[in-house]
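Visitor:
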Amino acid sequence: MAYAYLFKYIIIGDTGVGKSCLLLQFTDKRFQPVHDLTIGVEFGARMITIDGKQIKLQIWDTAGQESFRSITRSYYRGAAGALLVYDITRRDTFNHLTTWLEDARQHSNSNMVIMLIGNKSDLESRREVKKEEGEAFAREHGLIFMETSAKTASNVEEAFINTAKEIYEKIQEGVFDINNEANGIKIGPQHAATNATLSGSQGGQQAGGGCC
Amino acid sequence: MQMLDAPETAGTNCTEIEAAKLREIVGFSYPFAHKTVGVDGIAYTLKSRRESGGTERKRSKTEKGKMDASRLDQSATVEELVEACLNAFDEQGSLKDPSLVRMFLMMHPWYLPSSELARRLLLKSQEENCSSKFRTQICHLVKYWISEFPAEFDLNPELAENIRGLRDLLSQGGDERSSRLIDIESLPSYEWKRQVTERTPSATKKRKVSLLFDHLDASELAEHLTYLEYKSFCKILFQDYHSFVMHGCTVDNPVLERFITLFNSVSQWIQMMVLSKTTAPQRAVVISHFIQVAQRLLQLQNFNTLMAVIGGLSNSSISRLKDTQAHISSETHKAFSSLTELVTSCGNYSQYRRRFSECTGFRFPILGVHLKDLIAVHVALPDWADPGKTRVNLVKTQQLYAILQELALIQATPPSIDANTDLLNLLTVSLDQYHTEEEIYQLSLQREPRSLKPAASNPTPSLESPPSVMDEWTSSVKPKADPTVISKHIEKMVESVFQNFDSDGDGYISQEEFEIIRNNFPYLSKFGELDKNQDGQISPEEMIEYFTKASSLLNCKMGFVHAFTESSNVKPVFCQHCAGLIWGFYKRGYKCKACGVNCHKSCRSRLSVECRKQNKEHQSRVPPSPHDPVLQLPASSYTPLRPAERGYPPTEPAEHSDCRGRH
Chain A
1 MAYAYLFKYI
11 IIGDTGVGKS
21 CLLLQFTDKR
31 FQPVHDLTIG
41 VEFGARMITI
51 DGKQIKLQIW
61 DTAGQESFRS
71 ITRSYYRGAA
81 GALLVYDITR
91 RDTFNHLTTW
101 LEDARQHSNS
111 NMVIMLIGNK
121 SDLESRREVK
131 KEEGEAFARE
141 HGLIFMETSA
151 KTASNVEEAF
161 INTAKEIYEK
171 IQEGVFDINN
181 EANGIKIGPQ
191 HAATNATLSG
201 SQGGQQAGGG
211 CC
Chain B
1 MQMLDAPETA
11 GTNCTEIEAA
21 KLREIVGFSY
31 PFAHKTVGVD
41 GIAYTLKSRR
51 ESGGTERKRS
61 KTEKGKMDAS
71 RLDQSATVEE
81 LVEACLNAFD
91 EQGSLKDPSL
101 VRMFLMMHPW
111 YLPSSELARR
121 LLLKSQEENC
131 SSKFRTQICH
141 LVKYWISEFP
151 AEFDLNPELA
161 ENIRGLRDLL
171 SQGGDERSSR
181 LIDIESLPSY
191 EWKRQVTERT
201 PSATKKRKVS
211 LLFDHLDASE
221 LAEHLTYLEY
231 KSFCKILFQD
241 YHSFVMHGCT
251 VDNPVLERFI
261 TLFNSVSQWI
271 QMMVLSKTTA
281 PQRAVVISHF
291 IQVAQRLLQL
301 QNFNTLMAVI
311 GGLSNSSISR
321 LKDTQAHISS
331 ETHKAFSSLT
341 ELVTSCGNYS
351 QYRRRFSECT
361 GFRFPILGVH
371 LKDLIAVHVA
381 LPDWADPGKT
391 RVNLVKTQQL
401 YAILQELALI
411 QATPPSIDAN
421 TDLLNLLTVS
431 LDQYHTEEEI
441 YQLSLQREPR
451 SLKPAASNPT
461 PSLESPPSVM
471 DEWTSSVKPK
481 ADPTVISKHI
491 EKMVESVFQN
501 FDSDGDGYIS
511 QEEFEIIRNN
521 FPYLSKFGEL
531 DKNQDGQISP
541 EEMIEYFTKA
551 SSLLNCKMGF
561 VHAFTESSNV
571 KPVFCQHCAG
581 LIWGFYKRGY
591 KCKACGVNCH
601 KSCRSRLSVE
611 CRKQNKEHQS
621 RVPPSPHDPV
631 LQLPASSYTP
641 LRPAERGYPP
651 TEPAEHSDCR
661 GRH
C-alpha cells in the first residue's frame with residue numbers, strides 16, 4: 001500500500017506492563033505468521049491518516065528482550081517515536097521510568113518523540129500510580145502523556161496516532177531530517193499520490209519484508 | 001493459517017484423518033530452519049495428504065464418531081492428540097512420522113502437566129476394553145518419550161513416579177514384554193548439567209594460547225567466547241523457555257538468567273576493555289581488535305556473541321569517543337558498519353534471519369530474537385481454540401514448537417572448538433564483573449570529556465588518575481555471604497594463572513608478572529595493594545583474596561536478580577508482589593539492596609519484577625537504611641550526574657546527543 005511517510009516506533013518499559021497487548025490492540029491482532037523464511041514473528045504495521053496523508057506506522061516491540069541490554073539498545077537507533085509504558089497498578093514500573101528514559105535518550109536521536117503511557121487503566125481498583133503523578137512526570141521530562149487500556153482499547157488508537165501527529169508536526173517544522181533514515185522516518189514511494197480521504201485510520205497490514 | 005481444504009470423506013475413520021492432518025500441520029517449519037517452506041511447502045503437503053488418503057481409509061479402526069473435519073486443521077482436544085500419537089506407532093514400535101509425536105511430547109506442558117499426561121496413559125492402559133496392541137502402543141509412546149526427552153523425567157519426580165506406576169501395573173498384569181520397554185531407571189542425571197556453576201571443561205590436550213587478552217589472537221578470543229556462550233546455551237531446556245514465555249521474563253530461572261547475564265557481560269566487558277586504555281590510539285587498537293573478533297564470530301556462525309560484541313561496540317559509551325574513532329582505519333569502520341547492518345533490528349532482523357537460515361553445521365542464533373518470537377506468538381494467539389478450553393490451538397502449538405525444536409537441534413550440533421581451560425578460567429572471571437551502565441558511561445566521559453575544544457589525543461589530567469570508584473566501593477562493601485559462583489571461578493582462574501606463570505614452581509609469582517596479567521581485568525584500575533606482606537612475591541592466597549575483594553563490590557552480579565536482605569521497617573511498606581502491607585518492624589520483610597524493592601518473605605520467590613538499579617532520583621525518595629552500604633555508595637564515593645544535569649552541551653556531536661528532552 002502506498003504511503004506518504006513511514007514512521008518507526010518502539011515500545012519500551014518493564015516486563016509485563018502490556019507492551020505487546022497495546023501493539024496487538026492497535027494493529028487489530030493482524031499478526032504476521034511465521035511462514036516466511038526471513039520475516040519471523042512480527043506484529044503488523046498499520047496505516048493511519050494524518051492531515052490527509054497516509055502514514056505507515058511500523059512498531060517494534062521489545063517484549064521478551066528487556067534483559068538483553070544491547071538488543072534493546074539496537075532498537076533505539078532509527079526510531080522516530082517511542083511509547084514508554086508503565087503499569088498503573090505496579091508502582092515499580094513507574095519508578096523505573098527514569099532509567100528507561102535515560103537509556104532511550106542516550107541511545108536514540110535527539111528528536112525522538114516520546115509518549116508516556118500509563119497502561120491498564122481498566123484496573124482502577126488496583127491503581128497504585130495516580131494519573132496526576134504520570135502527568136507530573138511527563139511535564140517534568142517533556143513527554144506527552146496518556147492513560148490507556150489495552151484490554152478495553154481505551155485511548156490506544158489515540159496514543160499511537162497522537163505520537164504520529166507530533167512526529168508529523170516536527171517534520172513540517174523541519175526539525176527532522178527526513179532524508180536520513182536513521183531518524184526513523186522514510187518517505188513513501190508515492191508521496192504525492194495519496195488521496196486525502198478521511199481522518200482516523202484504515203487497516204491494511206503489509207508484510208514486513210524489506211528494510212522497514 | 002488455512003493450509004488445506006479438507007474434503008469431507010464419508011465413512012472414513014476420523015482418528016486417522018486427524019493424525020494425517022496433524023502431521024501436515026506440524027510439517028511446517030519455522031523460518032530459521034534451513035528447509036525452505038512457503039508456497040511450495042503447502043503444495044507439497046496437500047499433495048502428500050491426497051496420496052495417503054487411500055491407505056488411511058483401508059486401515060480404519062475403532063470408530064470414534066464423526067467430527068467436523070475442517071476444525072482439525074486448527075485445533076484438537078488433548079484426547080484426540082493422545083490418540084493420534086498412540087496410533088502413530090505400530091505394534092513393533094516403529095514410528096513412520098515422528099513430527100506429530102515429537103510436537104505433542106515437547107509441547108504438551110503448555111496445556112497439560114506432564115505428570116497428568118502420564119496418569120492419563122496409565123488410566124488408558126487399565127481400561128477394560130484396552131487391547132494388548134493398544135497397550136503396546138502406549139509403552140512405545142512412553143519409551144519414545146523417555147528416550148527423546150530424558151531431562152523431563154529426571155527433573156520431574158512426579159512424572160517419573162507416575163511412569164513407574166504404569167510400568168509396575170503392566171508387569172503385575174503379566175505384560176512383561178511391554179513393561180520392559182519402559183526403562184526409566186537408566187536415565188542420565190541432568191541435575192549437574194543444570195547447575196549454574198560450571199564444571200571445569202575437560203580439556204584433554206592443552207591448546208597453546210596467550211593468556212593475556214591484549215596479545216590474544218582475535219580468532220582465539222572468538223572461539224573461547226563461543227565456547228563459553230554455547231555451553232551456557234546448552235543448559236537451557238524446554239522448561240526454562242516455557243517458564244520464560246509464561247512469565248514474560250525470567251522468574252526462578254537461573255539457567256536462562258545466567259545465559260542472559262553472560263550475553264550482557266560480553267557487551268560490558270568489551271566497553272571496559274576499551275575504556276581501560278588511557279589514550280585514544282590505544283583505545284582505537286582495542287576497538288579494531290574487537291571488530292576482528294566480531295568478523296571471526298561471523299565466520300564461526302556465532303550470531304549470538306556477534307550481537308553482544310556489536311552491541312558493546314556501538315554502545316554510546318564507545319561510539320561517542322570521537323578522538324578514538326578518528327584513529328580507526330576507514331576499512332575497519334566499513335567492516336564494522338557491515339556487521340552492524342547484519343544484526344540490525346530493521347525489518348524484524350530480516351538480514352540476520354536470512355543469513356542465519358543459510359548457515360549449515362554449527363550455528364548459534366541470537367537467542368534474544370527467538371525469545372521475542374516465542375513471546376510474540378504466545379501473546380498473539382490463544383492457547384485454546386474454543387471458549388470452553390477443550391480444544392488445543394494447534395496453530396499456536398505448531399508455531400511455538402517450530403521455534404523450540406529448532407533451538408533444541410542447535411543444542412545438538414556443537415562447534416568443534418578445542419578450548420584452553422586456563423584461558424576459559426581467566427575469561428570467565430573477567431566477564432563476571434558487573435557494572436552499571438552509569439558507571440561505564442561516567443568512565444567514558446572521563447576518557448573523553450565533553451568540551452568545546454575537542455580534546456587532544458594526549459591524555460587530559462583526569463585520565464591520569466583513573467576513577468577511584470572501584471577502590472572506594474570495595475573498601476566500603478563487605479564481601480557478601482553468597483559469592484559462591486564467583487569465588488569458584490576465581491579459584492580456578494588463580495590456579496590457571498599459577499600453572500602458567502609460576503615457571504619455577506615455587507608457588508609465587510612476581511609483582512611484575514601480576515601486573516601483566518592484570519591487564520586482562522579492565523575494571524581493576526589501581527585496586528589496592530596485592531602484595532599484602534610486602535615481600536615482592538604473590539601467593540595464590542593473596543591473589544584469590546585480591547580478586548574476591550574486587551568481585552564482591554557488587555552483590556548482585558546478575559544485573560536483574562535482586563540482592564535481598566532481611567529488612568526491618570519503621571515506616572509501613574508494601575509488598576511488591578502481593579501489594580499487601582509488610583507487618584511488624586523487626587526483620588519481617590525482604591528488601592533488595594540494589595533497587596529497594598520490598599516484599600514478604602513468602603512472596604520473595606514469586607516476585608516477577610526485575611532488579612533495575614535505581615538512580616539517585618529514586619533513591620532520594622526511598623531513604624537508604626543506615627545498614628545498607630550499597631545504597632549509600634553513590635553518595636560517598638562518586639556522584640553520578642542527575643538526569644537533569646546530564647544535558648549534553650550543544651557542541652556534542654549529534655548522533656548520541658541531547659538528553660535534555662523536549663522543549
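Listed in order, the protein sequences are those of chains A and B. Taking my numbering, the leading residue of the first sequence gets 1, the next gets one more, and so forth. Taking my numbering, the leading residue of the second sequence gets 1, the next gets one more, and so forth. C-beta atoms are modelled at their ideal positions from N, C-alpha and C, and glycine is treated no differently.
Pick out the complete alpha helix (DSSP H) segments inside the segment 107-186 of chain B, 4 residues or longer, and give them in chain order.
Guide: 114-126, 132-148, 150-155, 157-172 and 176-181
Visitor: Please classify D90 (chain B) as buried or exposed, where buried requires at least 16 neighbouring CB atoms within 10 angstroms.
Guide: As a position in the second sequence, residue 90 (chain B) is number 90, starting the count at 1. Looking at its Cβ environment, which holds fewer than 16 other Cβ atoms inside 10 Å, D90 (chain B) is exposed.
Visitor: Can you find a C-beta in chain B that's less than 9 Å from the C-beta of I178 (chain A)?
Guide: Looking up residue 178 (chain A) in the first sequence gives position 178. It does not: the Cβ of I178 (chain A) has no partner Cβ on chain B nearer than 9 Å.
Visitor: Counting only beta-carbon atoms, is C249 (chain B) nearer than 9 Å to chain A?
Guide: Reading the second sequence from its first residue, position 249 is the one you call residue 249 (chain B). It does: the Cβ of C249 (chain B) has a partner Cβ on chain A nearer than 9 Å.
Visitor: Please classify W583 (chain B): is it buried, with 16 or more other beta-carbons within 10 angstroms of its beta-carbon, or exposed?
Guide: Translated into the one-based positions of the second sequence, residue 583 (chain B) becomes position 583. With fewer than 16 other Cβ atoms within 10 Å, it is exposed.
Visitor: Starting from I10 (chain A), follow the beta strand (DSSP E) in both directions and report where the run begins and ends.
Guide: As a first step, residue 10 (chain A) must be located in the first sequence, where it is residue number 10. Its beta strand (DSSP E) spans residues Y5 to I12.
Visitor: Please name the residue, chosen from B:F134, B:A412, B:Q172 and B:D418, that lies closest to F233 (chain B) on a Cα-to-Cα basis.
Guide: Here the question's residue 233 (chain B) lines up with position 233 in the second sequence. Selected option, being the one with the closest Cα: B:A412.
Visitor: Using the beta-carbon of each residue, which ones in chain A are nearer than 8 Å to L225 (chain B)?
Guide: What you label residue 225 (chain B) is simply residue 225 of the second sequence in a count that begins at 1. By Cβ distance, chain A contributes nothing, its closest Cβ being about 14 Å from L225 (chain B), past 8 Å.
Visitor: With a 10 Å radius around its C-beta and 16 neighbouring C-beta atoms as the bar for buried, classify M493 (chain B) as buried or exposed.
Guide: Indexing the second sequence from 1 puts residue 493 (chain B) at position 493. Its Cβ being crowded by 16 or more others within 10 Å, M493 (chain B) is buried.
Visitor: Which residues in chain A sit within 8 Å of G173 (chain B), going by Cβ to Cβ distance?
Guide: Walking along the second sequence from the start, residue 173 (chain B) turns up at place 173. Within chain A, no residue comes near G173 (chain B); the closest Cβ sits about 45 Å away, beyond 8 Å.
Visitor: Between which two residues does the beta strand (DSSP E) harbouring S567 (chain B) extend?
Guide: In the second sequence, counting from the first residue as 1, residue 567 (chain B) sits at position 567. Looking at the DSSP string, the run of the beta strand (DSSP E) that includes S567 (chain B) is F564 to S567.
Visitor: Find the nearest neighbour of I403 (chain B) within the set B:Q292, B:I544 and B:M103, judged by alpha-carbon distance.
Guide: Residue mapping note: residue 403 (chain B) aligns to position 403 of the second sequence, counting from 1. Here the closest residue by C-alpha is B:M103.
Visitor: Taking Cβ positions only, does G16 (chain A) come closer than 9 Å to chain B?
Guide: Working through the first sequence from its first residue, we reach residue 16 (chain A) at position 16. With 9 Å as the cut-off, G16 (chain A) counts as an interface residue toward chain B.
Visitor: Looking only at its chain, what residues have a beta carbon closer than 8 Å to the beta carbon of A164 (chain A), apart from the 5 residues adjacent to it on each side?
Guide: Within the first sequence, residue 164 (chain A) is the residue found at index 164, counting from 1. The answer, listed in chain order, is F7, I48, I50, I55, L57 and G81.
Visitor: Applying the 10 Å Cβ sphere with the 16-neighbour rule, what's the burial state of H215 (chain B)?
Guide: Against the second sequence, residue 215 (chain B) aligns to sequence position 215. Exposed.
Visitor: Grab me the residues of I236 (chain B)'s own chain with a C-beta within less than 7 Å of its C-beta, minus the 5 sequence neighbours each way, in chain order.
Guide: By 1-based counting over the second sequence, the position of residue 236 (chain B) is 236. Excluding positions up to five away in sequence, the list reads V255, L256 and F259.
Visitor: Which two residues bound the contiguous alpha helix (DSSP H) that contains E124 (chain A)?
Guide: Looking up residue 124 (chain A) in the first sequence gives position 124. No alpha helix (DSSP H) contains E124 (chain A), which DSSP labels as neither H nor E.
Visitor: Using Cβ-Cβ distances below 9 Å, what residues of the segment 72-93 of chain A are close to chain B?
Guide: T72, R73, S74, Y75, R77, G78, T89, R90, R91, D92 and T93
Visitor: Would you mind stating whether K130 (chain A) and V17 (chain A) have Cβ atoms separated by less than 9 Å?
Guide: Position 130 of the first sequence, counted from the first residue, corresponds to residue 130 (chain A). Position 17 of the first sequence, counted from the first residue, corresponds to residue 17 (chain A). When the beta-carbon positions are compared, K130 (chain A) and V17 (chain A) stay at least 9 Å from each other.
Visitor: Check each candidate in A:L97, A:R91, A:I59 and A:D122 and name the one with the smallest Cα separation from F574 (chain B).
Guide: Taking the second sequence and counting its residues from 1, one reaches residue 574 (chain B) at position 574. Checking every option, the nearest Cα to that of F574 (chain B) belongs to A:R91.
Visitor: With 7 Å as the limit, tell me which residues of the segment 590-601 of chain B have their beta carbon closer than that to any beta carbon of chain A; keep them in chain order.
Guide: Considering only beta carbons, the part of the segment 590-601 of chain B lying closer than 7 Å to chain A consists of V597, in chain order.
Visitor: In angstroms with no decimal places, state the Cα-to-Cα distance between S147 (chain B) and I11 (chain A).
Guide: As a working mapping, residue 147 (chain B) is identified with position 147 in the second sequence. As a working mapping, residue 11 (chain A) is identified with position 11 in the first sequence. Distance between the alpha carbons of S147 (chain B) and I11 (chain A): 42 Å.
Visitor: Please name the residue, chosen from B:G174, B:W110 and B:A151, that lies closest to S132 (chain B) on a Cα-to-Cα basis.
Guide: Here residue 132 (chain B) corresponds to residue number 132 of the second sequence, with the count starting at 1. Nearest of B:G174, B:W110 and B:A151 to S132 (chain B), Cα basis: B:G174.
Visitor: If you check the beta carbons only, do H140 (chain B) and L181 (chain B) fall under 9 Å apart?
Guide: Numbered from 1 along the second sequence, position 140 holds the residue referred to as residue 140 (chain B). Numbered from 1 along the second sequence, position 181 holds the residue referred to as residue 181 (chain B). Contact flag set, yes.
Visitor: Run through DSSP, which three-state label would K549 (chain B) get?
Guide: The residue given as residue 549 (chain B) occupies position 549 in the second sequence. Helix, per DSSP.
Visitor: Hey, how far is the Cα of E437 (chain B) from the Cα of E102 (chain A)?
Guide: The sequence position of residue 437 (chain B) within the second sequence is 437, counting from 1. The sequence position of residue 102 (chain A) within the first sequence is 102, counting from 1. So the two alpha carbons sit approximately 10 Å from each other.
Visitor: Report yes if the CB atom of A308 (chain B) is closer than 9 Å to the CB atom of S108 (chain A), and no otherwise.
Guide: Mapped onto the second sequence, residue 308 (chain B) falls at position 308. Mapped onto the first sequence, residue 108 (chain A) falls at position 108. If you check the CB distance, A308 (chain B) and S108 (chain A) do not come in under 9 Å.
Visitor: Hey, would you say T226 (chain B) sits closer than 9 Å to T136 (chain B), going by beta carbons?
Guide: Numbered from 1 along the second sequence, position 226 holds the residue referred to as residue 226 (chain B). Numbered from 1 along the second sequence, position 136 holds the residue referred to as residue 136 (chain B). Contact flag unset, no.
Visitor: Could you check whether T548 (chain B) and I486 (chain B) sit closer than 9 Å to each other, using their CB atoms as the reference points?
Guide: For the purposes of this step, residue 486 (chain B) is identified with residue 486 of the second sequence, where counting begins at 1. For the purposes of this step, residue 548 (chain B) is identified with residue 548 of the second sequence, where counting begins at 1. Closer than 9 Å, so yes.
Visitor: In its own chain, which residues sit with a C-beta less than 8 Å from the C-beta of L431 (chain B), not counting the 5 before and 5 after it?
Guide: Counting from one through the second sequence, the residue named residue 431 (chain B) turns up at place 431. Same-chain partners within the cutoff: L228, L262, S265, V266 and W269.
Visitor: Beta carbon of I242 (chain B), beta carbon of P109 (chain B): below 9 Å?
Guide: Numbered from 1 along the second sequence, position 242 holds the residue referred to as residue 242 (chain B). Numbered from 1 along the second sequence, position 109 holds the residue referred to as residue 109 (chain B). Going by the sequence as given, residue 242 (chain B) is His instead of Ile. Going by C-beta atoms, H242 (chain B) is nearer than 9 Å to P109 (chain B).
Visitor: Against chain B, does Q25 (chain A) count as a neighbour if the rule is that its beta carbon must be under 9 Å from one of theirs?
Guide: Numbered from 1 along the first sequence, position 25 holds the residue referred to as residue 25 (chain A). Chain B, which has no Cβ nearer than 9 Å to the Cβ of Q25 (chain A), makes this no.
Visitor: Cβ of Q172 (chain A) less than 9 Å from any chain B Cβ?
Guide: Position 172 of the first sequence holds residue 172 (chain A). For Q172 (chain A), the answer is no, since every Cβ of chain B falls outside 9 Å of its Cβ.
Visitor: May I ask you to report which of helix, strand or coil DSSP gives A308 (chain B)?
Guide: Locating residue 308 (chain B) in the second sequence gives position 308, counting from the first residue. If DSSP states are grouped into helix, strand and coil, A308 (chain B) belongs with the helices.
Visitor: When you compare only the Cα positions, how much space is there between T152 (chain A) and M272 (chain B)?
Guide: Translated into the one-based positions of the first sequence, residue 152 (chain A) becomes position 152. Translated into the one-based positions of the second sequence, residue 272 (chain B) becomes position 272. The straight-line gap from Cα to Cα measures roughly 46 Å.
Visitor: DSSP state of T15 (chain A), grouped into three classes?
Guide: On the first sequence, residue 15 (chain A) is found 15 positions in, with the first residue counted as 1. If DSSP states are grouped into helix, strand and coil, T15 (chain A) belongs with coil.
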